[in-house]
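Participant: Starting off with a structure, shown below.
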Amino acid sequence: MTDDISNPARGADSKPEAPATFGMPLLRIDSVVKRFGKFRAVDALSLDIHAGEFFALLGPSGCGKTTLLRMLAGFETPDEGRILLNGEDIAQIPPHQRPVNMMFQNYALFPHLNVRDNIEFGLKRAQMPSSEIAARVTEMVALVKLDGLEKRKPDQLSGGQRQRVALARSLARRPQLLLLDEPLAALDKKLRESTQLELMELQRRLGLTFIIVTHDQAEAMTVAGRIGVMDAGRLEQVAAPRELYEAPRSRWIAEFVGDINLIEGKLDTSEEPRPTMARRLAIATAQAGTIYVAEPRQPFTRTNLCVAIRPEKVKLSRRPPVSDDTRAINRLEGVVTDVSYLGGITSYKIKLDNGAVLRSSMANTARLDLDAYSPSQRVVAWFSPEDCVVLEQ
Amino acid sequence: MSARTIFTRPARLAAIAPYLWMVLFFLVPFLFVLKISLSQTAIAQPPYTPLFDVSEGWETTKAAFAALSFDNFRLLVSDDLYVLSYLRSLMVAAISTSILLVIGYPIAYGMARLPQRWQAVAMMLVIVPFWTSFLIRIYAWINILQHDGLLNQILLALHVVSAPVVWLSTDSAMYLGIVYSYLPFMILPLYATLSKMDPALLEAANDLGASPRQAFWRVTFPLSLPGVGAGVLLCFIPIVGEFVIPDLLAGSDSLMIGQTLWLEFFTNKDWPVASAVAAILLILLIVPLLFYDRLQRRQLEQT
Numbered sequence: 001m002t003d004d005i006s007n008p009a010r011g012a013d014s015k016p017e018a019p020a021t022f023g024m025p026l027l028r029i030d031s032v033v034k035r036f037g038k039f040r041a042v043d044a045l046s047l048d049i050h051a052g053e054f055f056a057l058l059g060p061s062g063c064g065k066t067t068l069l070r071m072l073a074g075f076e077t078p079d080e081g082r083i084l085l086n087g088e089d090i091a092q093i094p095p096h097q098r099p100v101n102m103m104f105q106n107y108a109l110f111p112h113l114n115v116r117d118n119i120e121f122g123l124k125r126a127q128m129p130s131s132e133i134a135a136r137v138t139e140m141v142a143l144v145k146l147d148g149l150e151k152r153k154p155d156q157l158s159g160g161q162r163q164r165v166a167l168a169r170s171l172a173r174r175p176q177l178l179l180l181d182e183p184l185a186a187l188d189k190k191l192r193e194s195t196q197l198e199l200m201e202l203q204r205r206l207g208l209t210f211i212i213v214t215h216d217q218a219e220a221m222t223v224a225g226r227i228g229v230m231d232a233g234r235l236e237q238v239a240a241p242r243e244l245y246e247a248p249r250s251r252w253i254a255e256f257v258g259d260i261n262l263i264e265g266k267l268d269t270s271e272e273p274r275p276t277m278a279r280r281l282a283i284a285t286a287q288a289g290t291i292y293v294a295e296p297r298q299p300f301t302r303t304n305l306c307v308a309i310r311p312e313k314v315k316l317s318r319r320p321p322v323s324d325d326t327r328a329i330n331r332l333e334g335v336v337t338d339v340s341y342l343g344g345i346t347s348y349k350i351k352l353d354n355g356a357v358l359r360s361s362m363a364n365t366a367r368l369d370l371d372a373y374s375p376s377q378r379v380v381a382w383f384s385p386e387d388c389v390v391l392e393q
Numbered sequence: 001m002s003a004r005t006i007f008t009r010p011a012r013l014a015a016i017a018p019y020l021w022m023v024l025f026f027l028v029p030f031l032f033v034l035k036i037s038l039s040q041t042a043i044a045q046p047p048y049t050p051l052f053d054v055s056e057g058w059e060t061t062k063a064a065f066a067a068l069s070f071d072n073f074r075l076l077v078s079d080d081l082y083v084l085s086y087l088r089s090l091m092v093a094a095i096s097t098s099i100l101l102v103i104g105y106p107i108a109y110g111m112a113r114l115p116q117r118w119q120a121v122a123m124m125l126v127i128v129p130f131w132t133s134f135l136i137r138i139y140a141w142i143n144i145l146q147h148d149g150l151l152n153q154i155l156l157a158l159h160v161v162s163a164p165v166v167w168l169s170t171d172s173a174m175y176l177g178i179v180y181s182y183l184p185f186m187i188l189p190l191y192a193t194l195s196k197m198d199p200a201l202l203e204a205a206n207d208l209g210a211s212p213r214q215a216f217w218r219v220t221f222p223l224s225l226p227g228v229g230a231g232v233l234l235c236f237i238p239i240v241g242e243f244v245i246p247d248l249l250a251g252s253d254s255l256m257i258g259q260t261l262w263l264e265f266f267t268n269k270d271w272p273v274a275s276a277v278a279a280i281l282l283i284l285l286i287v288p289l290l291f292y293d294r295l296q297r298r299q300l301e302q303t
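These protein sequence lines map, in sequence, to chains A and B.
The first sequence: position 223 = 223 (the working numbering), numbered continuously.
The second sequence: position 2 = 2 (the working numbering), numbered continuously.
Okay, structure coming up:
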């Protein structure tokens, strides 16, 4: 699973932003198992993370992502497997002896210490000379823009300021690896978005390796170069955000990441490909008729298939599009049942004549949209074969 | 908006209720005691003069005030008996409270780290002794510690000692009794602060390079100081005035102030001196209370 970042069976859009893979990875998680009683919180998981990466662990609650992070920090010990940091197995090393720091979900700032003492805490434990400590603290305070607040106690700070103190404290020791456990969950939406950008900026500037745990897809996609999606203690897919979205490896991933239309069907081999077209496969579905998809680079191993198409790739029009447009080869007629205006986009639900319900979202590119569709209006939903992802099940 | 206007009438009543209680059941009785302490002994019923009798008019009341004197307080300061008694009480309280803290802290710490359902059980075990009368428990200790008591029998049977050891009527027996009786008062406030503490703070300390021992002294202990303060006060103050335990378990060669007070009141029938002893004891005990109060107020102001 670890090396499988490129995915040959998927569409043309799925070129991953491969990390610099030369040399040893900074961190190698090797078949790590963590059990709590009979429950396998982390189940034979392997993953390589390279120096300078911003990696996100994404997954529903209880998927094991936090347990994995806590094993990296040293708060949990794996039952099986190895955790190699720079080639050295740190699985059994206690947290205070690891060159790894963590930013805690609720920050875990020491309430009896002021901002300066909180940031200093780790440096004092490292027995750094006091002149160096002072210089480092000043540097950290400036880095997270907390100048003038050094003497404040945590409860005299706003949520955003506390988040900055926690970040400065975890960065002060210059860890080889910084772990961030839902670092922005306590912030409101606006602040969270601006902090995401600052976090990326900081990571790039310091050249450090960050691993963030989050359940927020948008956050993972914004900050991370690569995302590992976890479910039931396993990594379902490790990929760059774009690949994860455009080339999900499984039906579970497709449904977990973003919105998607799923139509079940079987490969229809009776249909002869028309000579004018690029190689297409026909998939016979019960609820949406025959859907044409791009031929995958590897043949399917199973016959039960599922066509997945993102709502923004389903276009709507009042009349069928011009017939020789091959991008519009999939045309499904139906009736608009639901219209949700969301500002930037409008989301439609269309009940197809064959039974399926299809979602389509269209960007509102003009202030006055004279083309908007209304409920009970008959429309044609059309999409290109290249925009379909076929998942085996 | 002023703070006063946000209180409704019932809320204001509820707010003054504790003050009313304090005035009725503490301040008024204390003023009686203070007044008696400024009187002289007399062979009468009650055994002191002067008595106020407002019904006899303003002049007699004024004369009664004029007759008040500080003689009793002068006596307390000049006579070694009282000074030593106060000093012994403070010393016994200080030593006992230190022992209580050293024993109580690890117990409270252990309790706070038990799994949730075991914490309730541990709490019960701490409280269970309260179900038996305090006096009966002290008499039980007399039974255990006396010449042919359980402790000596066990020590003899195990050949640790060859002859019975004198336990009863020693300071050790008194400290044992005090520590045994007051332990819950030390454990409960400590447990309350320790169990409230976010375990993530300790993980953060570990993560930042602190060994478990450093994490305890840099994070757990400073954060538990309010509980330490509460436990120390809850033990120290009543131990200073303790009467029953030293009377039953300690020897009679030196007395704690509670015993001296009892002697003055019941044996010597000298109510004014006994009242003066009580008044000074109260003043002695108010000092640490005020200090603690200021400490807490300063913490509140910081937040």
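Every residue, glycine too, gets a C-beta built ideally from N, C-alpha and C.
Using a 10 Å radius around the Cβ and a threshold of 16 neighbouring Cβ atoms, would you call A/Y245 buried or exposed?
Facilitator: buried
Participant: Could you work out which residues of chain B lie near A/G148, taking near to mean beta carbons separated by less than 7 Å?
Facilitator: Result: empty, since nearest Cβ-Cβ is about 18 Å, beyond 7 Å.
Participant: Which value, in whole angstroms, describes the spacing of the CA atoms of A/R327 and A/A56?
Facilitator: 35 Å
Participant: Using 8 Å for Cβ pairs, my map puts B/L194 next to B/A112. What's the rounded Cβ distance?
Facilitator: 4 Å
Participant: Cβ closer than 7 Å: which chain B residues qualify as neighbours of A/M102?
Facilitator: D207
Participant: What is the DSSP secondary structure of A/A18, reduced to helix, strand or coil?
Facilitator: At A/A18, the pLDDT of 45 sits below 50, so the modelled position is not reliable and the matter cannot be decided from this model.
Participant: Any beta carbon of chain A sitting closer than 9 Å to that of B/Q214?
Facilitator: yes
Participant: How would you list, in chain order, the residues of chain A whose beta-carbon sits under 7 Å from the beta-carbon of B/S211?
Facilitator: Under the 7 Å cutoff, chain A gives H96.
Participant: Quick check for students: name the residue ranges of the beta strand (DSSP E) that lie wholly in the stretch 175-230 of chain A, counting only runs of 3 or more.
Facilitator: Considered as a whole, the stretch 175-230 of chain A harbours 177-181, 209-214 as its complete beta strand (DSSP E) runs of no fewer than 3 residues, in chain order.
Participant: Just the C-alpha distance for B/L295 and B/W217, rounded to the nearest angstrom, thanks.
Facilitator: Answer to the nearest angstrom: the Cα atoms are 20 Å apart.
Participant: With distances taken from CA atoms, which of B/I283, B/W271, B/L190, B/P246 is nearest B/S37?
Facilitator: B/W271
Participant: Let me know the secondary structure DSSP gives A/S6 once reduced to three states.
Facilitator: Unreliable positioning characterises A/S6 in this predicted model, as indicated by a pLDDT of 40, which lies under 50. A coordinate reading is not provided.
Participant: By how many angstroms is the C-alpha of A/A381 removed from the C-alpha of A/Q287?
Facilitator: So the two alpha carbons sit approximately 14 Å from each other.
Participant: Spatial neighbours of A/P111 within its chain, please: C-beta separation below 6 Å, excluding the five flanking residues on both sides.
Facilitator: P154
Participant: When the cut-off is 9 Å and only beta carbons count, does A/G11 lie next to chain B?
Facilitator: At A/G11 the pLDDT is 38, less than 50, meaning the model places this residue with poor confidence; the figure from the coordinates comes in the next sentence. Chain B, which has no Cβ nearer than 9 Å to the Cβ of A/G11, makes this no.
Participant: So that I know if they touch, is there some Cβ in chain B lying closer than 9 Å to that of A/F110?
Facilitator: yes
Participant: Taking the CB atoms as reference points, tell me whether A/E386 and A/A294 lie closer together than 9 Å.
Facilitator: yes
Participant: At what residue ranges does the stretch 111-150 of chain B contain a whole run of the alpha helix (DSSP H), taking only runs of 4 or more?
Facilitator: 116-127, 134-145
Participant: Cβ atoms of A/A166 and A/L146: under 9 Å apart, would you say?
Facilitator: no
Participant: Under 8 Å from any heavy atom of the ligand NAD, does the C-beta of B/S195 make it?
Facilitator: Ligands are entirely absent from the displayed structure, and the ligand NAD is therefore not among its contents.
Participant: Determine the extent of the beta strand (DSSP E) in which A/D30 is found, giving its start and end residues.
Facilitator: First-last of the beta strand (DSSP E) with A/D30: 27-36.
Participant: Using a 10 Å radius around the Cβ and a threshold of 16 neighbouring Cβ atoms, would you call B/L145 buried or exposed?
Facilitator: buried
Participant: If I measure Cβ to Cβ from A/R319 and keep anything under 8 Å in the same chain, skipping five residues before and after, which residues do I get?
Facilitator: V380
Participant: Kindly list the residues whose CB is nearer than 6 Å to the CB of A/T207, restricted to its own chain and excluding five residues on each side of it in sequence; keep chain order.
Facilitator: Before going on, a small fix: residue 207 of chain A reads as Gly here, not Thr. G52.
Participant: Apply the 10 Å Cβ neighbour rule to A/Q127 and answer buried if 16 or more other Cβ atoms are within range, or exposed otherwise.
Facilitator: exposed
Participant: Mind checking B/A14: buried by the 16 CB within 10 Å criterion, or exposed?
Facilitator: exposed
Participant: If you measure from the beta carbon of B/P222 to each beta carbon in chain D, is any gap under 9 Å?
Facilitator: No chain D appears in the structure shown, which is made up of the protein chains A and B.
Participant: Return the Cβ separation of B/G209 and A/R173 in integer angstroms, given the expectation that the two are a contact with Cβ distance under 8 Å.
Facilitator: 7 Å
Participant: Can you find a CB in chain B that lies within less than 9 Å of the CB of A/Q105?
Facilitator: Taking Cβ atoms only, chain B reaches closer than 9 Å to A/Q105, which makes this a yes.
Participant: Please name the residue, chosen from A/A108, A/R331, A/K189, A/G233, that lies closest to A/A44 on a Cα-to-Cα basis.
Facilitator: A/G233
Participant: Any contact between the stretch 180-187 of chain B and the stretch 103-111 of chain B? By contact I mean 3 or more CB pairs, one from each, below 8 Å.
Facilitator: yes
Participant: Does the stretch 124-138 of chain A come close enough to the stretch 211-226 of chain A to have 3 or more Cβ pairs within less than 8 Å?
Facilitator: no
Participant: Between B/M174 and B/I245, is the Cβ-Cβ spacing less than 9 Å?
Facilitator: Result yes, Cβ atoms of B/M174 and B/I245 sit closer than 9 Å.
Participant: So, for B/D280: in the same chain, excluding its five sequence neighbours on each side, which residues have a beta-carbon less than 8 Å away from its beta-carbon?
Facilitator: In the sequence as displayed, the identity of residue 280 of chain B is Ile instead of Asp. So the qualifying residues of the chain are F73, L76, Y86.
Participant: For A/I309, tell me which candidate among A/C388, A/P241, A/I345 has the shortest Cα-Cα distance.
Facilitator: A/C388
Participant: Which residues in chain B sit within 9 Å of A/A73, going by Cβ to Cβ distance?
Facilitator: E203, N206, D207
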